[in-house]
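In my numbering, the protein residues as written are 986 to 1240.
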Ligand code: ATP
């Protein structure tokens, strides 16, 4: 993954504070029985950001995304989308309001074909007569329109990931969440995914993602938030984050 190309250095781009806030997480807490997954966590995502959540295993990253998506109710705090309170809203309502997620756990149907998977995702969002054209548009958008229509179990891991991104895009989101999009990918697939995310962003998509692969983060993230033990630990560009000695220490397991 070292050879991942940086066509430009998003990490060196100072996020424009003038861009509107699209998503705001305010003082969120989450407890699972005796486990405190998040405490007083705040996050601001601006229009056009590629914003990355990083942190050691169990830091609370996926829980943040799941609370925003309405998959878990928060124990405290508030989530606002374009200034509107969406806290605790049902997932399908959150999707309708413009957020979509590609989870870490595979969400494809391996024994169905690529197009059958796309139909399942897209049928709720376009009339039946437009379904074929919409599927053509989506698979072209993620550059898997050259694969034919195989059973999904015969696709590579990377191709399945891109199919899932196409499925997530079928709801026409303004914000796309990606939970570890580079996990398990080889160098070329990682590069393809980085280019794809940057291209979607260039077309106007705001992205919030979780990733452990720092080369991938470096290639695409404009803004990085570090979580540690369910709290915000640091925030800034990746260069700022990596020059923070305390952040380096938590990755080495010394805090
Ligand atoms: P990783 O990088 O390993 O995916 P993460 O930063 O995404 O970790 P979370 O999955 O958000 O971390 O988990 C945060 C904490 O909450 C962990 O201690 C985890 O075990 C706990 N947790 C998450 N989901 C649940 C659940 N449904 N029930 C009980 N505990 C949970």
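Where is the CB? At the ideal position from N, CA and C, for every residue including glycine. The structure displayed is predicted, hence computed values, not measured ones.
Is the shortest distance between the beta-carbon of residue i and the beta-carbons of chain C less than 8 angstroms?
| i | result |
| --- | --- |
| residue 1181 | Considering every chain present, this structure includes no chain C. It has just one protein chain. |
Starting from the Cα of residue i, find the closest Cα among the options and give me that residue.
| i | options | result |
| --- | --- | --- |
| residue 1110 | 1102, 1217 and 1081 | 1081 |
| residue 1148 | 1192, 1231, 1053 and 1088 | 1088 |
| residue 1189 | 1106, 1157 and 1210 | 1157 |
| residue 1083 | 1067, 1097, 1072 and 1098 | 1067 |
| residue 949 | 1101, 1013 and 1144 | Nothing can be reported for residue 949: it is not among the residues displayed for the chain, which extend from 986 to 1240. |
| residue 1171 | 1201, 1154, 1150 and 1193 | 1201 |
| residue 1009 | 1036, 1027 and 1015 | 1027 |
| residue 1138 | 1223, 1076 and 1093 | 1093 |
| residue 1091 | 1141, 1234, 1223 and 1212 | 1141 |
| residue 1033 | 1104, 1057, 1059 and 1003 | 1003 |
| residue 1208 | 1039, 1074 and 1025 | 1039 |
| residue 1194 | 1096, 1036 and 1013 | 1036 |
| residue 1060 | 1106, 1012 and 1095 | 1012 |
| residue 1180 | 1128, 1115 and 1210 | 1128 |
| residue 1116 | 1227, 1133 and 1152 | 1152 |
| residue 1155 | 1135, 1104, 1174 and 1130 | 1104 |
| residue 1214 | 1047, 1146 and 1029 | 1047 |
| residue 1174 | 1007, 1198 and 1123 | 1198 |
I want to check one thing, is the minimum distance from the CB of residue i to the heavy atoms of the ligand ATP below 7 angstroms?
| i | result |
| --- | --- |
| residue 1046 | yes |
| residue 1168 | no |
| residue 1062 | no |
| residue 1136 | no |
| residue 1212 | yes |
| residue 1162 | no |
| residue 1219 | no |
| residue 1017 | yes |
| residue 1204 | no |
| residue 1020 | yes |
| residue 1189 | no |
| residue 1143 | no |
| residue 1055 | no |
| residue 1133 | no |
| residue 1083 | no |
| residue 1092 | no |
| residue 1040 | yes |
Exposed or buried, residue i, counting other C-beta atoms within 10 Å across all chains shown (16 or more means buried)?
| i | result |
| --- | --- |
| residue 1042 | exposed |
| residue 1049 | buried |
| residue 1031 | buried |
| residue 1005 | exposed |
| residue 1206 | buried |
| residue 1086 | buried |
| residue 998 | Here the model assigns residue 998 a pLDDT of 46, short of 50, so the residue's position is not dependable, and the following value carries that caveat. Flag for residue 998 reads exposed. |
| residue 1118 | exposed |
| residue 1230 | exposed |
| residue 995 | Only weak support is given to the placement of residue 995: the predicted model assigns it a pLDDT of 45, under 50, and the value that follows is read from those uncertain coordinates. Buried: at least 16 other Cβ atoms inside 10 Å. |
| residue 1077 | exposed |
From the DSSP output, which residues share a beta bridge with residue i?
| i | result |
| --- | --- |
| residue 1241 | Only positions 986 to 1240 of the chain appear in this structure, which leaves residue 1241 out of reach. |
| residue 1120 | Answer by DSSP bridge pairing: none, since residue 1120 is not bridged. |
| residue 1110 | Bridge partners of residue 1110: none, in fact. |
| residue 1031 | 1006 |
| residue 1187 | Partner(s): none; residue 1187 has no beta bridge. |
| residue 1096 | Looking at the DSSP assignment, residue 1096 forms no beta bridge with any residue, so it has no partner. |
| residue 1026 | 1013 |
| residue 1164 | 1195 |
Would the C-beta of residue i count as close to the ligand GTP, meaning under 7 angstroms from any of its heavy atoms?
| i | result |
| --- | --- |
| residue 1043 | In the structure on display, the ligand GTP does not appear, and the ligands it does have are the ligand ATP. |
Cβ pair count under 8 angstroms reaching 3, the region 1173-1187 against the region 1014-1024: no
Would the region 1161-1171 count as touching the region 1050-1058 if we require 3 or more Cβ pairs under 8 angstroms? yes
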